[in-house]
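S.K.:
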Amino acid sequence: MIVIGIDPGLARTGYGVLNNDGRFPTALEYGCIETGNDRTSPGRLLEVYEKVTALLDEYDPAWVALERLFFSKNVTSAMHVSEARGVILLAAEQHGVRIAEYTPNQVKQAVTGSGRAGKQQVQEMMRRLLRLDELPRPDDAADGLAIALCHINTVR
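The numbering used here puts the first residue of the sequence shown at 310, with every later residue one more than the last.
In C-alpha cells:
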C-alpha cells in the first residue's frame, strides 16, 4: 500500500511517499513543493495542484493523508493553508484516492510518542523509523513523511 502524506501550505507544501508492502514502511520519495512569492496566489495554488497531481500520477497511492488545518492567530496564513488544502483535496478526489486527515498532535503522538514533539524530534524519528541515511529536510518534508506514517500506523 502506498500512502502520500502531505503537510499543506501555500509557500511550502511538504510531502512524503511511503510504501507499506513489507515488514517496515519504506520512503519512496519526499520533499517540498515550493512556490515563489513573486507569483500570484492563484498561480501558486496551480503549482501545488500540478505537482500533487504529478505525484498521484507517478505513485498511484491507495491513500492521501493530509494534515488538518490548525487554526492559529494568523488568519491570513490559515486562509492560505486552507486554499492549498482545497487544491490537494481536489487532486486526490479527481484521482479517486481515499483521503485521511490528522491533526498535528495526532501525527506527533503517532511517530514520537508525544503530541508536543518539536520539529527536530519528528525529523530524527523519521530518520530512525524509516531507516534513512540522513535527516529528511526541510522539516516540512519530514512532516509529510510523518503524516503518511501516522496513517499507516492507524490502519494497521
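Beta carbons: idealized from backbone N, C-alpha and C, even for Gly.
Taking only three categories from DSSP, how would you classify residue 470?
M.R.: The shown model of the chain, from 310 to 465, leaves out residue 470, and the question about it has no answer.
S.K.: Measure from the alpha carbon of residue 362 to the alpha carbon of each residue in 436, 383, 315, 450, then state which is nearest.
M.R.: Position 53 of the sequence shown holds residue 362. Measuring from the Cα of residue 362, the nearest candidate turns out to be 315.
S.K.: Could you pull out every unbroken beta strand (DSSP E) segment of at least 3 residues lying fully inside the stretch 389 to 441, listed in chain order?
M.R.: 407 to 411
S.K.: Is the stretch 451 to 462 close to the stretch 311 to 329, with three or more CB pairs under 8 Å?
M.R.: When C-beta atoms of the stretch 451 to 462 are compared with those of the stretch 311 to 329, three or more pairs fall below 8 Å, so the two segments count as touching.
S.K.: Going straight from the alpha carbon of residue 440 to that of residue 337, what length do you get?
M.R.: Here residue 440 corresponds to residue number 131 of the sequence shown, with the count starting at 1. Here residue 337 corresponds to residue number 28 of the sequence shown, with the count starting at 1. Each residue's alpha carbon lies about 12 Å from the other.
S.K.: Check residue 345 in the structure and name its three-state DSSP category.
M.R.: Position 36 of the sequence shown, counting from 1, holds the residue named residue 345. If DSSP states are grouped into helix, strand and coil, residue 345 belongs with coil.
S.K.: Identify the continuous alpha helix (DSSP H) that holds residue 354 and give its terminal residues.
M.R.: Within the sequence shown, numbered from 1, the residue matching residue 354 stands at position 45. First-last of the alpha helix (DSSP H) with residue 354: 350 to 368.
S.K.: With a threshold of 8 Å, are at least 3 pairs of Cβ atoms found where one atom belongs to the stretch 384 to 393 and the other to the stretch 417 to 428?
M.R.: no
S.K.: Going by beta carbon distance, what residues of the same chain come within less than 6 Å of residue 340, once the five residues before and after it are set aside?
M.R.: Reading the sequence shown from its first residue, position 31 is the one you call residue 340. Within the same chain, residue 340 has close Cβ partners 450.
S.K.: Can you give the Cα-Cα distance for residue 452 and residue 310, rounded to whole angstroms?
M.R.: Within the sequence shown, residue 452 is the residue found at index 143, counting from 1. Within the sequence shown, residue 310 is the residue found at index 1, counting from 1. Straight-line Cα distance between these residues: approximately 19 Å.
S.K.: Under 8 Å Cβ to Cβ from residue 397, same chain only, skipping five residues before and after it: list those, please.
M.R.: Counting from 1 along the sequence shown, the entry for residue 397 is found at position 88. Around residue 397: 315, 317, 322, 357, 358, 361, 373, 375.
S.K.: Could you spell out the range, first to last residue, of the beta strand (DSSP E) harbouring residue 314?
M.R.: By one-based count along the sequence shown, residue 314 stands at place 5. From DSSP, the beta strand (DSSP E) with residue 314 extends over 311 to 316.
S.K.: DSSP has residue 463 in a bridge; who is on the other side?
M.R.: One-based indexing of the sequence shown puts residue 463 at position 154. In the DSSP output, where bridge partners are listed per residue, residue 463 has none listed.
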